[in-house]
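Peer 1: Below is one structure. I have some questions about it.
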């Protein structure tokens, strides 16, 4: 996997970068910003004392501070890395201390609701460039981060019309500097695309794992034992951070419910085909879905190894 | 991963083993039977000329024959490795040529329907021990097999009451010889357990990939690009063999539809919680599902590495 390289002499995207929220994404950004030299100084803050202590133990960033004010004071770049439901409150906390012209960005999986919540609080001089790196693992917390998390992943920016070009360019350089590919789209379209490629899959995975866990006719130990038949794949995303995902569903309600309705229609048709023994319909769908994976593998978004490369042969 | 070892001097499970059907499972058994010395001679047959040619090119087994008759003549063990809808027809083809007391087994993901279909045709002297190794990858065909596929996976046997103990013991030794853990259960219970841990997950994965592919509001290229947000996990099992899976759903209809009904009830409740903003309900479910994955990892049925170990950090 190629790692991003910055040219010698190229200006750093940021002089002083504040990262607020030290979970999987915040800690990965802290590690990547240092590894790829994207800011002269990286300052971290988290409202949890335990998380700050853990981040200090892990040696994340150059400095771990104990308040919102200290984190953003003098920062030319601020990345909000908290669950989407908390972005508005963080914006309110940092607003009084933001330096003139500071570029603020986020990493939320929902854009329209976050933009509305954040813009309510930011001062007019601050420049908000919403961003969403489509990357992650099922682990969370400051110990889960790693610097290559964003390499060859997409990061979607959804700047409002008329947003300052320099601010967008610096956020683009920042994400490209961490190895990501950057794409711009409207917040509404982002929320619909991600409802399909991320939110619905998580909802379905959480649901199927819950259903399996609740069945009295099949014990939980049987579900665990025989999970290699397919079920275990779903448990990975159903092990994702509960707070983060609660907030995603609550803040992208319309798009998620719309896509879910389509999923349900298709599932009813599939159930009907099974009930009436319509093998051709099943075969046609099952053949078509194979092609999608080939596309994902050929575009470098998935490993070509069988079974995700789980076992070395 | 520990590999199975047979004791020196221990009797081979089979003298002459016939494998009928050379897909992922048949080819893996052929490779494992040689690697772990489970039969003196391994004979392979497939009705497809192309598959037999490919198997010969790959050097699978000791001999590749061109008819059902040649494959089972003189064999003390016969493994039927074809889609479950074809097991009855294979049993009919091999019946006249089975040697007295031959042990016949299968690898089908459905047991009740397969047992019924096979027993209709087998001669009374043959001993049928139905089996299902809960293992596989999304790849298919004779080139997809590898000898360690069954190591540390479960293989479920569903012998009828009163089945000859020696036949069951030899099939057990055969699967344990390939590294599998063996468990016995009734065919009906097997079909319900697997509906939960394997058939429903496949149905849901096929469905969600189909839904995403059909949406006009989100392009296929966007689905592929941003698949790392969760969707790509589903594409792996939705890339599984279409014929095999068509047959599974058609032959385990009742159990699949029953489990699907439970899934749908739960999903409706989840959608309702999203619509009404009941964050606590979402959080509770999402916390509970995390624990299931920990169980699967701790029982050695899943890698503890984040993201299935897709990326080395």
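Residue numbers (the numbering used here), protein chains in the order written: chain A, 109 to 421; chain B, 109 to 421.
Idealized CB from N, CA, C, for every residue including glycine.
Exposed or buried, residue 224/A, counting other C-beta atoms within 10 Å across all chains shown (16 or more means buried)?
Peer 2: As a working note, residue 224/A is residue 116 in the first chain. Answer is exposed; the Cβ neighbour count stays below 16.
Peer 1: For residue 142/A, return the contacting residues in chain B, with the cut-off set at a CB-CB distance below 7 Å.
Peer 2: Walking along the first chain from the start, residue 142/A turns up at place 34. What residue 142/A touches in chain B: nothing, since even the nearest Cβ is about 15 Å away.
Peer 1: Contact criterion: CB-CB distance below 8 Å. Does residue 404/A meet it with respect to chain B?
Peer 2: If you number the first chain from 1, residue 404/A lands on position 296. Judged by the 8 Å Cβ criterion, residue 404/A is in contact with chain B.
Peer 1: Hey, how far is the Cα of residue 219/B from the Cα of residue 191/B?
Peer 2: Here residue 219/B refers to the residue found at position 111 of the second chain. Here residue 191/B refers to the residue found at position 83 of the second chain. Using only the alpha carbons, I get a separation of about 12 Å.
Peer 1: Check distances from the C-beta atoms of the region 192-220 of chain B to those of chain A and list, in chain order, the residues that come in under 7 Å.
Peer 2: From the region 192-220 of chain B, no residue has a Cβ closer than 7 Å to chain A.
Peer 1: At what residues does the beta strand (DSSP E) containing residue 176/A begin and finish?
Peer 2: In the first chain, counting from the first residue as 1, residue 176/A sits at position 68. No beta strand (DSSP E) holds residue 176/A; the alpha helix (DSSP H) holding it covers 176-180.
Peer 1: Of all the beta strand (DSSP E) runs that stay within the bounds of the region 179-229 of chain A, which reach a length of 3 or more residues?
Peer 2: Segments of the beta strand (DSSP E) lying fully in the region 179-229 of chain A: 185-188, 211-214.
Peer 1: Provide the residue span of the alpha helix (DSSP H) that contains residue 298/B, from first to last.
Peer 2: Against the second chain, residue 298/B aligns to sequence position 190. Here the alpha helix (DSSP H) through residue 298/B covers 295-302.
Peer 1: Does the beta-carbon distance from residue 258/B to residue 281/B come in below 8 Å?
Peer 2: Position 150 of the second chain, counted from the start, is the residue given in the question as residue 258/B. Position 173 of the second chain, counted from the start, is the residue given in the question as residue 281/B. No, Cβ-Cβ distance for residue 258/B and residue 281/B is not below 8 Å.
Peer 1: Does the region 399-417 of chain A come close enough to the region 333-341 of chain B to have 3 or more Cβ pairs within less than 8 Å?
Peer 2: Result yes; three or more Cβ-Cβ pairs closer than 8 Å.
Peer 1: If the cut is a Cβ gap below 9 Å, which residues of chain B does residue 331/A touch?
Peer 2: Numbered from its first residue, the first chain carries residue 331/A at position 223. In chain order: 301, 304, 305, 400, 403, 404.
Peer 1: Do you know offhand how far residue 370/B's Cα is from residue 233/A's?
Peer 2: The sequence position of residue 370/B within the second chain is 262, counting from 1. The sequence position of residue 233/A within the first chain is 125, counting from 1. Distance between the alpha carbons of residue 370/B and residue 233/A: 53 Å.
Peer 1: So that I know if they touch, is there some Cβ in chain A lying closer than 8 Å to that of residue 295/B?
Peer 2: Position 187 of the second chain, counted from the first residue, corresponds to residue 295/B. With 8 Å as the cut-off, residue 295/B does not count as an interface residue toward chain A.
Peer 1: How about residue 182/A and residue 147/A: do their beta carbons lie closer than 8 Å?
Peer 2: The residue given as residue 182/A occupies position 74 in the first chain. The residue given as residue 147/A occupies position 39 in the first chain. Against a cut-off of 8 Å, the Cβ pair of residue 147/A and residue 182/A comes out as no contact.
Peer 1: Is residue 125/A closer than 8 Å to residue 187/A when the C-beta atoms are compared?
Peer 2: Residue numbering aside, residue 187/A sits at position 79 when the first chain is read from its first letter. Residue numbering aside, residue 125/A sits at position 17 when the first chain is read from its first letter. Going by C-beta atoms, residue 187/A is nearer than 8 Å to residue 125/A.
Peer 1: Helix, strand or coil: which one does DSSP assign to residue 128/A?
Peer 2: Within the first chain, numbered from 1, the residue matching residue 128/A stands at position 20. Here residue 128/A sits in strand by DSSP.
Peer 1: Under 7 Å Cβ to Cβ from residue 193/B, same chain only, skipping five residues before and after it: list those, please.
Peer 2: Position 85 of the second chain, counting from 1, holds the residue named residue 193/B. The answer, listed in chain order, is 355, 358, 359.
Peer 1: Using C-beta distances below 8 Å, list every residue in its chain close to residue 175/B, excluding the 5 sequence neighbours before and after it, in chain order.
Peer 2: The residue labelled residue 175/B in the question sits at position 67 within the second chain. Taken in chain order, the residues that qualify are 153.
Peer 1: Go ahead and pull the three-state DSSP assignment for residue 236/A.
Peer 2: Mapped onto the first chain, residue 236/A falls at position 128. Correct three-state label for residue 236/A: strand.
Peer 1: Can you give me the Cβ contacts of residue 267/A inside the same chain, cut-off strictly under 6 Å, excluding the 5 residues immediately before and after it?
Peer 2: Sequence index remark: in the first chain, residue 267/A carries index 159 (1-based). Within the same chain, residue 267/A has close Cβ partners 237, 276.
Peer 1: Say whether chain A places a C-beta atom closer than 8 Å to the C-beta of residue 247/B.
Peer 2: Within the second chain, the letter at position 139 stands for residue 247/B. Yes, residue 247/B lies at the interface with chain A (some Cβ there is under 8 Å from its Cβ).
Peer 1: Whole-angstrom Cβ separation of residue 252/B and residue 245/B, contact assumed at under 8 Å?
Peer 2: Taking the first residue of the second chain as 1, we reach residue 252/B at position 144. Taking the first residue of the second chain as 1, we reach residue 245/B at position 137. Contact holds; Cβ gap of about 7 Å.
Peer 1: Counting along the chain, where does the alpha helix (DSSP H) carrying residue 353/A start and finish?
Peer 2: Reading the first chain from its first residue, position 245 is the one you call residue 353/A. Looking at the DSSP string, the run of the alpha helix (DSSP H) that includes residue 353/A is 350-359.
Peer 1: Could you compute how far the alpha carbon of residue 160/B sits from the alpha carbon of residue 378/A?
Peer 2: Indexing the second chain from 1 puts residue 160/B at position 52. Indexing the first chain from 1 puts residue 378/A at position 270. Going by the C-alpha atoms only, they are around 34 Å apart.
Peer 1: Let me confirm a value: residue 327/A is counted as buried when at least 16 other C-beta atoms fall within 10 Å, else exposed. Which label applies?
Peer 2: Against the first chain, residue 327/A aligns to sequence position 219. Per the 10 Å Cβ criterion, exposed.
Peer 1: Determine the chain B residues that contact residue 261/A at a beta-carbon separation under 7 Å, and present them in chain order.
Peer 2: Mapped onto the first chain, residue 261/A falls at position 153. Here the neighbours are 336.
Peer 1: Please list, in chain order, the chain B residues whose beta carbon lies closer than 9 Å to that of residue 170/A.
Peer 2: To locate residue 170/A, count along the first chain from 1; it is residue 62. Correct list: empty, because the minimum Cβ distance to chain B is about 22 Å.
Peer 1: Enumerate in chain order the residues of its own chain whose CB-to-CB distance from residue 202/B is below 6 Å, with the five nearest sequence positions on each side excluded.
Peer 2: Taking the first residue of the second chain as 1, we reach residue 202/B at position 94. Excluding sequence neighbours, residue 202/B sits near 176, 180.
Peer 1: Given that residue 230/A touches chain B, what residues does it touch there, using C-beta distances under 7 Å?
Peer 2: Locating residue 230/A in the first chain gives position 122, where the first residue counts as 1. Ordered by position in chain B, no residue passes the 7 Å Cβ test against residue 230/A, which lies about 25 Å from the chain.
Peer 1: Any C-beta of chain A sitting closer than 8 Å to the C-beta of residue 136/B?
Peer 2: To locate residue 136/B, count along the second chain from 1; it is residue 28. No - not a single Cβ of chain A is within 8 Å of the one on residue 136/B.
Peer 1: State buried or exposed for residue 315/B, treating a residue as buried only when at least 16 other CB atoms are found within 10 Å of its CB.
Peer 2: By one-based count along the second chain, residue 315/B stands at place 207. By the 10 Å Cβ count, residue 315/B comes out buried.
Peer 1: Is the beta carbon of residue 332/A sitting closer than 8 Å to the one on residue 409/B?
Peer 2: As a first step, residue 332/A must be located in the first chain, where it is residue number 224. As a first step, residue 409/B must be located in the second chain, where it is residue number 301. In this structure, residue 409/B lies closer than 8 Å to residue 332/A by Cβ.
Peer 1: Less than 8 Å separating the beta-carbons of residue 353/A and residue 394/B?
Peer 2: Walking along the first chain from the start, residue 353/A turns up at place 245. Walking along the second chain from the start, residue 394/B turns up at place 286. In this structure, residue 394/B lies closer than 8 Å to residue 353/A by Cβ.
Peer 1: Could you pull out every unbroken alpha helix (DSSP H) segment of at least 4 residues lying fully inside the region 235-267 of chain A, listed in chain order?
Peer 2: Counting whole runs of 4 or more residues, the region 235-267 of chain A contains no alpha helix (DSSP H) stretch at all.
Peer 1: Assign residue 120/B to one of two classes, buried (16 or more other C-beta atoms within 10 Å of its C-beta) or exposed (fewer than that).
Peer 2: The count along the second chain starts at 1 and reaches residue 120/B at position 12. That one is buried.
Peer 1: For residue 109/B, collect the residues of the same chain with a Cβ closer than 8 Å to its Cβ; drop the 5 residues on either side in sequence, then sort them by chain order.
Peer 2: In the second chain, residue 109/B corresponds to position 1, counting from 1. Unreliable positioning characterises residue 109/B in this predicted model, as indicated by a pLDDT of 45, which lies under 50. The coordinate reading is nonetheless provided below. So the list reads 256, 259, 260, once near-sequence residues are dropped.
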